[in-house]
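A short write-up of the structure that comes next.
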Amino acid sequence: EAAVTQSPRSKVAVTGGKVTLSCHQTNNHDYMYWYRQDTGHGLRLIHYSYVADSTEKGDIPDGYKASRPSQENFSLILELASLSQTAVYFCASSWTGGSGNTLYFGEGSRLIVV
Amino acid sequence: GEKVEQHESTLSVREGDSAVINCTYTDTASSYFPWYKQEAGKGLHFVIDIRSNVDRKQSQRLIVLLDKKAKRFSLHITATQPEDSAIYFCAASKDNNNRIFFGDGTQLVVKP
């Protein structure tokens, strides 16, 4: 079974502060993703990466940076956290990025910005 | 871009009955339609998918139907059990494209 672990699982941050969400996968997958889930809504793609040291913008990248220092690790960085970034963030990985490839999700990181 | 809509935000059924969750999509080029399940406090996990070259797929108690003409697909869960209670997300993507577009989710409650 694929394993994607996220940390922290929960965080309260102050407006304007810096937040780093970390993701580690042991699946040997090339692709990693960061999604955002707002209450009552589906997931929206923030950033993704298909190789170490390279990241790509997703559908809602504004206000977020990403870092992929190794195949196993993918971080999401909020340099200046804002109230609107309160959400649950999910990391996922997949073998390739093509259609039909199953996403394996972590358990989520709940971020509250106050 | 693609927009996926889930018609039921909540669905309540009695244990043993069938549950049906309906989704529509907008992009005729979409060709892959996975379904994911999210249990309370957990991440999503894959349950079943269908590709555009077929109109029906079954895996045990799960059946997915695809109507390309109407741009509609649905998940049927037969003989529901309490452990089927969760949020179900439909999604759509195109061939050779890593973008997967999710619906807003349907909360399924299976009552004993």
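Sequences listed follow chains A and B, in order.
Everything in the first sequence is counted per the numbering used here, starting at 85 for the first residue and increasing by one.
Everything in the second sequence is counted per the numbering used here, starting at 10 for the first residue and increasing by one.
Using N, Cα and C, we set each Cβ at its ideal position, and we do this for glycine too.
Evaluate the contact criterion for the region 100-114 of chain A versus the region 11-23 of chain B: three or more CB pairs, one atom per stretch, below 8 Å.
-> No: the two stretches stay apart, fewer than three of their Cβ pairs being nearer than 8 Å.
Could you give the distance in angstroms between the alpha-carbon of SER168/A and the alpha-carbon of VAL198/A?
-> Rounded to whole angstroms, SER168/A to VAL198/A spans 10 Å at the Cα level.
contact_flag[the region 144-158 of chain A, the region 110-121 of chain A] where n(CB pairs < 8 Å) is 3 or more = Pairwise C-beta distances place the region 144-158 of chain A in contact with the region 110-121 of chain A, as three or more of them are shorter than 8 Å.
What do you reckon, are the CB atoms on GLU191/A and GLN90/A nearer than 8 Å?
-> In this structure, the beta-carbon distance from GLU191/A to GLN90/A falls below 8 Å.
Could you name the residues of chain A that LEU84/B contacts, counting a contact when the two beta carbons are closer than 7 Å?
-> Simply none; closest approach about 15 Å.
For PRO121/B, count neighbouring Cβ atoms within 10 angstroms of its own Cβ and tell me buried if that reaches 16, exposed if not.
-> With fewer than 16 other Cβ atoms within 10 Å, it is exposed.
Neighbour-count burial assignment, ASP146/A, 16 or more Cβ in a 10 Å radius | Answer is exposed; the Cβ neighbour count stays below 16.
Listed in chain order, which residues of the region 45-77 of chain B have Cβ atoms closer than 8 Å to some Cβ of chain A?
-> The region 45-77 of chain B vs chain A, Cβ under 8 Å: TYR45, GLY50, LYS51, GLY52, LEU53, HIS54, PHE55, ASP58, ARG60.
Contact set between GLY25/B and chain A, taken where Cβ atoms lie within less than 7 Å | Around GLY25/B, no beta-carbon contact reaches into chain A at under 7 Å, the shortest distance being about 28 Å.
Closer than 8 Å to chain A by CB, LYS36/B = In the sequence under discussion, the amino acid at residue 36/B is Asp, which differs from the Lys named in the question. Answer no: the Cβ-Cβ gap between ASP36/B and chain A never drops below 8 Å.
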